[in-house]
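Q: Numbering (the working numbering), first residue to last: -12 to 144. After the structure tokens below, expect a handful of questions from me.
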Ligand code: SF4
């Protein structure tokens, strides 16, 4: 079986290196807000594993521009980006709110992929419909968090 590295795949698909921008959608998660627990996962930082993301107080466009500036300072030739909603559970909000922030990100001219980190129990049908709709504009990736592949570890956690 031939393994294709993600960077090679992106280069083939978009003709150049594609860089990831960490975005903060200003959400929380069921392991933190009391729906399932308040303590969070043991490996998760206080920032919801989104410590490199720009602050959620900025608009999505402002976050994209700020994150771009940071990357361009190191790699001046980069022009194409993945808008990566990284911090917390990024489909844990109303569909109207998700539509607003994801549409703003995907329509940014320098964004070629919308990537969303979330958990499987936070993907109701209406959110999946929204993602399917957005996927008609540009590719949408969904990253599902996995606590552990080992059943005893998962039970312990
Ligand atoms: S890893 Fe995900 S589910 Fe766990 S506390 Fe952090 S944001 Fe919540």
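Note that the Cβ used here is the ideal one computed from N, Cα and C, for glycine as well.
Along the alpha helix (DSSP H) that carries residue 48, what are the first and last residues, could you check?
A: Unbroken alpha helix (DSSP H) run through residue 48: 47 to 61.
Q: What residue does the beta strand (DSSP E) around residue 8 start on, and which one ends it?
A: Element bounds for residue 8: 5 to 10.
Q: Does ligand 1 have a heavy atom nearer than 7 Å to the CB of residue 75?
A: The answer is yes for residue 75.
Q: Can residue 100 and residue 64 be called in contact, C-beta distance under 8 Å?
A: Not in contact: residue 100 and residue 64 (Cβ atoms no closer than 8 Å).
Q: Go ahead and pull the three-state DSSP assignment for residue -9.
A: In the structure shown, residue -9 sits in coil (DSSP, three-state: anything other than H, G, I, E or B).
Q: For ligand 2, is there a heavy atom less than 7 Å away from the beta-carbon of residue 13?
A: For the structure depicted, ligand 2 is absent and the ligand set comprises only ligand 1.
Q: On a Cα-Cα basis, can you pick out the residue from 96, 88 and 67 that is closest to residue 184?
A: Summary: the structure shown does not reach residue 184, with the chain confined to residues -12 through 144, and so no result is reported for it.
Q: Using the Cβ count rule (16 or more neighbours within 10 Å means buried), how would you classify residue 21?
A: Classification for residue 21: exposed.
Q: Give the range of the alpha helix (DSSP H) segment to which residue 140 is assigned.
A: Run containing residue 140: 138 to 143, per the alpha helix (DSSP H) assignment.
Q: With a threshold of 7 Å (Cβ to nearest heavy atom), would residue 65 be considered close to ligand 1?
A: No, ligand 1 has no heavy atom inside 7 Å of this Cβ.
Q: Measuring from the CB of residue 27, is there a heavy atom of ligand 1 at a distance below 7 Å?
A: The answer is yes for residue 27.
Q: According to DSSP, which residues form a beta bridge with residue 130?
A: Per DSSP, 104.
Q: At what residues does the alpha helix (DSSP H) containing residue 89 begin and finish?
A: 82 to 93 is the extent of the alpha helix (DSSP H) around residue 89.
Q: Based on DSSP bridge pairs, tell me the residues matched to residue 70.
A: Paired residue(s): 8 and 101.
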